[in-house]
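The block underneath contains the structure these notes are about, expressed in structure tokens.
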């Protein structure tokens with residue numbers, strides 16, 4: 005009977021420590037390490053409010069107040085903002101010291117695509133460092149070995165999902181600017 009009570013106490017303590025981990029581990033202190041990598045990959049400034057460890061529904065992190073600012077040539081407002089960005093990782097590789105992203109969920113993204121007076125889209129310089137905004141629109145994007153695809157290739161994400169959201173398209177190239 006004493007062994008059963010001892011085991012029960014150990015199990016309760018382990019469960020208590022696991023449930024306390026999100027409150028004990030502050031992922032915000034690592035922003036200086038990964039925020040420049042994200043900004044470099046996207047060729048945009050990024051804003052993050054808070055980053056928390058999550059245990060349910062899967063082990064990972066939740067980033068709240070995530071925003072990617074627009075190209076300065078198009079304005080200072082965010083190109084995209086999210087209520088939260090949830091990143092889930094696989095447990096078994098994590099136990100062996102490897103981080104393998106299993107799932108990324110974008111919650112309530114608000115994306116604004118702008119076409120300027122010259123017919124150039126604000127998405128044309130995402131992920132392309134050192135490239136100025138084109139003067140004239142191109143028919144096909146210029147392939148790049150840099151950018152967001154490089155980051156996604158490093159992450160090898162199994163699943164990306166979007167919950168809710170809004171997409172705005174602003175055409176300033178027409179005689180009468182339109183918005184959809």
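In the working numbering, the protein residues as written are 5 to 184. The beta-carbon is built from N, C-alpha and C at its ideal position, and this holds for glycine as well. Source: prediction; values computed, not measured.
What are the complete beta strand (DSSP E) segments, minimum 3 residues, inside the stretch 12-38? You should have found no qualifying run.
Run the CB neighbour count on residue 124, radius 10 Å, all protein chains shown included, and call it buried at 16 or more, exposed below. Flag for residue 124 reads buried.
Reduced DSSP category for residue 147 - H, G, I as helix; E, B as strand; rest coil: Here residue 147 scores only 47 on pLDDT, less than 50, and its place in the model is too uncertain to base an answer on.
Give me the Cα-Cα distance between residue 74 and residue 84, rounded to the nearest whole angstrom. Answer to the nearest angstrom: the Cα atoms are 8 angstroms apart.
If you draw a straight line from the alpha carbon of residue 27 to that of residue 59, how long is it in whole angstroms? Answer to the nearest angstrom: the Cα atoms are 11 angstroms apart.
What residue from 65, 50, 88 and 6 has the CA that sits closest to residue 104's CA? Comparing alpha carbon positions, the residue from 65, 50, 88 and 6 closest to residue 104 is 65.
Can residue 46 and residue 130 be called in contact, C-beta distance under 7 angstroms? The answer is yes: Cβ separation under 7 angstroms.
Quick one: give me the first and last residue of the beta strand (DSSP E) that residue 95 is part of. If you look at residue 95, you'll find it isn't in any beta strand (DSSP E); it sits in the alpha helix (DSSP H) that goes 95-99.
Going by CA-CA distance only, name the one from 53, 57 and 61 that's closest to residue 72. If we check each option's Cα against that of residue 72, 53 comes out closest.
Near residue 170, which residues of its chain fall below 7 angstroms by C-beta distance, leaving aside the five closest residues on each side in sequence? Closer than 7 angstroms at Cβ, skipping near neighbours: 114.
What do you reckon, are the CB atoms on residue 63 and residue 93 nearer than 7 angstroms? The Cβ-Cβ distance between residue 63 and residue 93 falls below 7 angstroms.
Residue 48 versus residue 181 - alpha carbon distance: Rounded to the nearest whole angstrom, the CA to CA distance from residue 48 to residue 181 is 25 angstroms.
First and last residue of the beta strand (DSSP E) that includes residue 163? Unbroken beta strand (DSSP E) run through residue 163: 163-167.
Cβ-Cβ distance between residue 175 and residue 106 below 7 angstroms: No.
In this structure, how does DSSP classify residue 69 when only helix, strand and coil are distinguished? The answer is strand: DSSP assigns residue 69 an E or B state.
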